[in-house]
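Undergrad: Going by the UniProt record's numbering, the sequence shown opens with residue 1, and the numbers climb by one from there.
Cβ coordinates follow ideal geometry from the N, Cα and C atoms, glycine included.
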Amino acid sequence: MVTLTHPAYGQLRVVTPSASVLLANNPGPMTLDGTNTWILRSPDRTDCVVVDPGPDDAEHIAAIARATGGAVALTLITHRHPDHTGGIDELVRLTGTPVRAMDPEFLRGEVTVLTDGEVVEAAGLRITVLHTPGHTADSVSFLLEDSVLSGDTILGRGTTVLDRDGTLRDYLRSMDRLLEAGTGRALLPAHGPDHPDVEPVARYYIAHRQERLAQVRAALDELGADADAMAVVRKVYVDVDESLWPAARSSVESQLTYLRSEPATQD
Numbered sequence: 001m002v003t004l005t006h007p008a009y010g011q012l013r014v015v016t017p018s019a020s021v022l023l024a025n026n027p028g029p030m031t032l033d034g035t036n037t038w039i040l041r042s043p044d045r046t047d048c049v050v051v052d053p054g055p056d057d058a059e060h061i062a063a064i065a066r067a068t069g070g071a072v073a074l075t076l077i078t079h080r081h082p083d084h085t086g087g088i089d090e091l092v093r094l095t096g097t098p099v100r101a102m103d104p105e106f107l108r109g110e111v112t113v114l115t116d117g118e119v120v121e122a123a124g125l126r127i128t129v130l131h132t133p134g135h136t137a138d139s140v141s142f143l144l145e146d147s148v149l150s151g152d153t154i155l156g157r158g159t160t161v162l163d164r165d166g167t168l169r170d171y172l173r174s175m176d177r178l179l180e181a182g183t184g185r186a187l188l189p190a191h192g193p194d195h196p197d198v199e200p201v202a203r204y205y206i207a208h209r210q211e212r213l214a215q216v217r218a219a220l221d222e223l224g225a226d227a228d229a230m231a232v233v234r235k236v237y238v239d240v241d242e243s244l245w246p247a248a249r250s251s252v253e254s255q256l257t258y259l260r261s262e263p264a265t266q267d
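1. The beta strand (DSSP E) that contains Arg45, what's its start and end?
2. Got a sec, what are the start and stop residues for the alpha helix (DSSP H) Val233 sits in?
3. Take the Cβ of Ala65 as the centre, count every other Cβ of all protein chains shown within 10 Å, and call the residue buried at 16 or more, exposed below.
4. CB-CB under 8 Å to Gln266, same chain, minus the five flanking residues each way: which ones, in chain order?
5. Three Cβ pairs or more, each shorter than 8 Å: is that satisfied between the segment 74-92 and the segment 50-66?
6. Is Thr78 near Asp52, with beta carbons less than 8 Å apart?
7. Can you check the segment 167-236 for any alpha helix (DSSP H) of at least 4 residues that lies completely inside it and give the ranges in chain order?
8. Could you pull the start and end residues of the beta strand (DSSP E) that Thr3 belongs to?
9. Looking at the unbroken alpha helix (DSSP H) that takes in Val252, where does it start and where does it end?
10. Count the other C-beta atoms from every protein chain shown that fall within 10 angstroms of the C-beta of Met1, then say buried if there are 16 or more, exposed otherwise.
11. Using C-beta distances below 8 Å, list every residue in its chain close to Gly158, excluding the 5 sequence neighbours before and after it, in chain order.
12. To the nearest angstrom, how far is the alpha carbon of Ala202 from that of Asp103?
13. DSSP has Gly28 in a bridge; who is on the other side?
14. Using CA coordinates, which residue listed in Leu130, Asp44, Trp38, Pro82 is at the minimum distance from Ala67?
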């Protein structure tokens, strides 16, 4: 039997005893190799939980329906971006699954919004909801006994962007929370490869954010305290492809808000 490795488009790849992944064929600068749709199943059950149906791609949604046999007890959404939510209605049409998210826009069926700390019981699984804002305000992660599904809060490679409704202060708190909850558990991200342990990846993310903050502070020292975000991007992200600068600008705006809200130091 061939053991699949990331990336494997359109093929169900087993990662942990309870989690397998289908990779959508939507690669790009913001999606890396594509969106990971996670299929969670208790060993003694035939039904399952789907996390992030992925983009509005009929072929990908049909692959989810085939992989699950249509027996989707529940679908969970990590956050609002269309590369995670675009396929919701087609999956509902094919399987009848209810859908839960923190943002009520994405609810389907007789369900309620996800709340921080709640334990979702479905398909023989117990899934703890962790509100982990920063990438977006509605971002959540899902904690299983042996793994953490981190959405876009922690990716399998590189670092994530802070969208306009995400704050750096929230993001750093989310990193601390995932570090505490995820140490010793596998990291199952929404983009990029999985990792055997959340801890080293979370620590890298925290260190990277602190490094970027230091670079932004240095840029402000040179450009002036009132410099706008794009001026800082040109200074700090000089080694990044310019096609990614609009996304970098969003993160820099969050960093500037964070720095400018810090209390003044006393001499």
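TA: This is what the structure gives:
1. In the sequence shown, counting from the first residue as 1, residue 45 sits at position 45. Counting along the chain, Arg45 falls outside any beta strand (DSSP E), and DSSP gives it neither H nor E.
2. Counted from its first residue, the sequence shown places residue 233 at position 233. Looking at the DSSP string, the run of the alpha helix (DSSP H) that includes Val233 is 229-236.
3. Position 65 of the sequence shown holds residue 65. Buried is the call here.
4. Taking the sequence shown and counting its residues from 1, the one referred to as residue 266 is at position 266. Note that Gln266 scores a pLDDT of 38, beneath 50, so its modelled location is shaky; the value from the coordinates is reported in the next line. Taken in chain order, the list of residues that qualify is empty.
5. Yes, they touch.
6. The count along the sequence shown starts at 1 and reaches residue 78 at position 78. The count along the sequence shown starts at 1 and reaches residue 52 at position 52. Yes.
7. 168-182, 198-223, 229-236
8. Taking the sequence shown and counting its residues from 1, the one referred to as residue 3 is at position 3. Where Thr3 is concerned, there is no enclosing beta strand (DSSP E), given that its DSSP letter is neither H nor E.
9. As a first step, residue 252 is located in the sequence shown; it is residue number 252 there, counting from the start. For Val252, the enclosing alpha helix (DSSP H) covers residues 245-261.
10. Taking the first residue of the sequence shown as position 1, residue 1 is located at position 1. Low per-residue confidence applies at Met1: pLDDT is 49, beneath 50, and the placement is therefore not dependable, though the value from the model is reported in the following sentence. Counting of Cβ neighbours within 10 angstroms places Met1 among the exposed residues, the total staying below 16.
11. Indexing the sequence shown from 1 puts residue 158 at position 158. Once the five neighbours on either side are set aside, the close Cβ partners of Gly158 are Leu32, Gly192.
12. If you number the sequence shown from 1, residue 202 lands on position 202. If you number the sequence shown from 1, residue 103 lands on position 103. Rounded to the nearest angstrom, the two C-alpha atoms are 25 Å apart.
13. Translated into the one-based positions of the sequence shown, residue 28 becomes position 28. Per DSSP, Leu32.
14. Mapped onto the sequence shown, residue 67 falls at position 67. The candidate whose alpha carbon is nearest that of Ala67 is Trp38.
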